[in-house]
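Some notes on the structure that comes next.
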Amino acid sequence: METIKNETMNKKEIDLNISYKFINDNFILYINITNFSNKEKRFYFLNNTGGLARNGINLFNVMHEKLIAYEKTFISPVYNEEEINADVLLPNENKQFELSASVLKENNNLILFFKGISFKITKGEKFYITFDFLDTTSNMLEVVI
């Protein structure tokens with residue numbers, strides 16, 4: 083009985099797997115969320131105030147040291163009467179979401195600019211990105227721009 087209880091407690095309920103596409107100075111971070119639990123998961127995958135990117139995106143150098151954000155922006159929410167529905171993931175369901183960024187040139191550096199947070203990166207140099215969401219951290223993705 084004890085073994086079953088421990089296995090259930092250690093079972094991963096949510097999986098995050100990230101990938102990216104870079105085309106014409108546009109960077110798209112794809113986030114695949116899989117619900118391995120036996121219950122539906124409800125959440126809001128919104129970045130209208132930049133909070134999702136600010137709180138979720140982490141960059142690391144080749145030594146796996148966390149990079150400090152170049153700039154953080156805090157955007158006031160726009161209130162309207164439109165109701166926003168929660169995203170729902172049923173058991174064993176997978177959905178893909180996106181966070182877009184622009185890559186801007188500044189002197190000899192590049193700025194990876196998501197709504198809510200930006201990072202200085204060096205063109206042609208490898209860095210790593212992870213995404214934290216729903217109390218889970220994604221895979222560590224190697225990126226070169």
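Just so you know, my numbering puts 160 at position 78 of the sequence shown, and the rest follows in order with no gaps.
Backbone N, C-alpha and C define an ideal beta-carbon position, used for all residues, glycine too.
Determine the contact status of residue i and residue j, defining contact as a CB-CB distance below 9 Å.
i	j	result
F127	L194	no
I150	N130	no
I139	I211	yes
I105	Q178	no
L192	F213	no
N120	P173	yes
Applying the 10 Å Cβ sphere with the 16-neighbour rule, what's the burial state of residue i?
i	result
N190	exposed
K197	buried
L141	buried
I86	Any reading at I86 must be qualified, since the residue scores a pLDDT of 47, below 50, and its modelled position is unreliable; no value is offered.
S184	exposed
D217	exposed
K123	buried
Give a yes or no on whether 9 Å exceeds the smallest Cβ distance from residue i to chain D.
i	result
N174	Although the question refers to chain D, the structure presented lacks it and comprises just one protein chain.
Quick one, which of the options has its alpha-carbon nearest residue i's?
i	options	result
K187	I100, D107, M145, K154	D107
F201	I100, K154, E147, K93	K154
N117	E95, P159, K148	E95
A135	N174, I113, K103, E147	I113
F125	N176, E224, N167	N167
With residue i and residue j assumed to form a contact (beta carbons below 8 Å), what rounded beta-carbon distance in angstroms separates them?
i	j	result
F215	L98	6 Å
Given 8 Å as the limit, is there contact between the segment 162 to 170 and the segment 198 to 206, that is, 3 or more CB pairs closer than that?
-> no
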